[in-house]
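Each step along the sequence shown adds one to the number in numbering that gives the first Met the number 0, with nothing skipped, and position 214 is 213.
Data first, discussion second: the structure below is written as structure tokens.
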Amino acid sequence: MKATVVKHTGSHYLLSQLPEWNPFMAVVKGKLRLSQGESTNPIAVGDLVEYERDETTKGETLCTIKEVLPRKNCIIRRSTNLSRQNHVIAANVDCIFLILTLSFPEIKQQFVDRFLVTCEAYGAPVVILLNKVDLYLDTNGEYIQEGVKEEVEAFKNIYLKAGYDIIDVSVKNGYNIQKIRELCKDKIVLFSGQSGVGKSSLVNAIDTALNLKTADISSAHLQGKHTTTFYEMHPISSGGFVIDSPGIRGFGLVDFSKDELSNYFPEMLRVEDECKFIPCTHTHEPGCAVKKGVEEGTISPERYASYIAMLEDDNKYRDSV
Ligand SMILES: Nc1nc2c(ncn2[C@@H]2O[C@H](COP(=O)(O)OP(=O)(O)OP(=O)(O)O)[C@@H](O)[C@H]2O)c(=O)[nH]1
Ligand SMILES: [Mg+2]
Ligand SMILES: [Zn+2]
0 MKATVVKHTG
10 SHYLLSQLPE
20 WNPFMAVVKG
30 KLRLSQGEST
40 NPIAVGDLVE
50 YERDETTKGE
60 TLCTIKEVLP
70 RKNCIIRRST
80 NLSRQNHVIA
90 ANVDCIFLIL
100 TLSFPEIKQQ
110 FVDRFLVTCE
120 AYGAPVVILL
130 NKVDLYLDTN
140 GEYIQEGVKE
150 EVEAFKNIYL
160 KAGYDIIDVS
170 VKNGYNIQKI
180 RELCKDKIVL
190 FSGQSGVGKS
200 SLVNAIDTAL
210 NLKTADISSA
220 HLQGKHTTTF
230 YEMHPISSGG
240 FVIDSPGIRG
250 FGLVDFSKDE
260 LSNYFPEMLR
270 VEDECKFIPC
280 THTHEPGCAV
290 KKGVEEGTIS
300 PERYASYIAM
310 LEDDNKYRDS
320 V
């Protein structure tokens with residue numbers, strides 16, 4: 000029998016036969032047949048698994064996971080402290096919301112770019128949500144705070160140019176919450192991002208019957224407090240399933256070869272067959288279409304700098320934010 004992993008808590012899993020919501024417990028015994036390589040969690044939320052149902056001598060049913068079925072996609076990061084091992088954040092998602100906030104906590108561009116590269120590499124569609132816009136926009140989308148506009152527009156410009164969708168949202172005043180509900184309809188959506196950006200608050204906002212734990216960010220460090228500790232899928236009453244996740248501390252890139260890295264920057268992929276030399280690393284080669292794009296302003300210098308940093312830094316870059 001097949002079911003989807005909807006929660007993982009240490010020793011056991013909760014499974015459900017989606018789109019039905021009928022969570023039941025399952026365990027792993029003995030050796031698991033794996034379709035992927037080494038990771039700290041061979042079974043992730045969103046995985047479709049094959050399981051068996053047995054009657055125990057006490058007459059209880061026990062479900063045992065036998066196999067993880069091949070993934071449609073997944074998002075994998077290098078675990079920060081166990082540098083040889085990978086951590087599967089989620090599998091088989093229809094969409095990933097990368098949730099960011101302008102200042103509370105502030106955006107770390109290297110984290111954002113490594114996250115986006117990984118989504119591209121594993122074929123997972125991603126949308127950027129800029130949360131907490133009530134801090135500088137009114138509900139008509141007009142700026143209420145001086146001086147923020149340039150910063151917001153500059154940030155948006157970088158990622159719009161790259162080809163990503165960015166949606167302003169506010170849990171506090173409800174801005175675009177209905178739009179988020181619609182985007183989640185009939186889909187499995189991962190809510191991801193650093194601690195304190197409002198992932199759990201957003202899930203609560205799109206389905207007010209859910210009551211996930213949230214907490215203020217620390218006033219001293221303006222960082223989240225890692226309130227959510229498990230990956231867990233929730234059914235949404237207006238349709239669809241969302242996966243709330245713990246805040247990501249460090250996002251190490253899994254081993255990509257240097258040749259393939261630029262394929263995961265959509266704005267570079269679009270022009271790289273116009274480079275004079277193929278393959279081209281877009282660094283020292285003459286007649287490089289990517290460098291031309293940076294000069295002409297169609298490729299943002301910030302993204303190009305991230306690309307170069309990822310190319311050059313083999314160790315440090317991969318293991319910390
Ligand atoms: N002003 C404002 N505050 C918000 C908004 N959304 C969330 N917050 C606040 O941000 C803080 C963090 O929210 P959480 O939902 O706990 O954040 P999280 O991303 O789930 O954090 P972790 O579980 O630690 O990863 C809480 O105090 C929320 O009330 C918003 O749209 N506007
Ligand atoms: Mg949370
Ligand atoms: Zn080039």
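Backbone N, C-alpha and C define an ideal beta-carbon position, used for all residues, glycine too.
Check whether the Cβ atoms of residue i and residue j sit closer than 8 Å, and answer yes or no.
i    : j    : result
T117 : L252 : yes
I74  : Y121 : yes
Y263 : E149 : no
V87  : S38  : yes
I98  : G239 : no
T8   : L17  : no
L14  : V5   : yes
P278 : D254 : no
Y135 : V151 : yes
P306 : L268 : Checking the displayed sequence, the identity of residue 306 turns out to be Tyr instead of Pro. Not in contact: Y306 and L268 (Cβ atoms no closer than 8 Å).
V338 : V202 : Missing from the structure shown is residue 338; the chain here goes from 0 to 320 and no further.
F103 : I216 : yes
F190 : S244 : yes
S78  : N85  : yes
A90  : R76  : no
E66  : L31  : yes
N172 : T207 : no
P234 : W20  : yes
Provide the residue(s) that pair with residue i in DSSP beta bridges, ordered along the chain.
i    : result
M24  : L13
P234 : F240
S191 : L97
C73  : A90
S102 : E105
G251 : R77
N130 : T100
K6   : L13, E231
C62  : R52
V67  : V48
K1   : E49
N85  : R77
L136 : Y142
V125 : I95
If I'm right that residue i touches residue j with Cβ under 8 Å, what's the distance once you round it to whole angstroms?
i    : j    : result
L129 : I165 : 6 Å
V44  : K1   : That pair is no contact at about 16 Å.
I127 : R302 : Not really, about 13 Å apart at Cβ, beyond 8 Å.
Cβ pair count under 8 Å reaching 3, the segment 272–282 against the segment 101–116: no
Given 8 Å as the limit, is there contact between the segment 93–105 and the segment 174–187, that is, 3 or more CB pairs closer than that? yes
Counting by C-beta, which residues lie closer than 5 Å to a heavy atom of ligand 3, in chain order? C274, C279, H281, C287, V289
Count the CB pairs spanning the segment 188–198 and the segment 151–165 that are closer than 8 Å, and state whether there are at least three. No, they do not touch.
Quick check: the segment 49–68 against the segment 225–244, are at least 3 beta-carbon pairs closer than 8 Å? no
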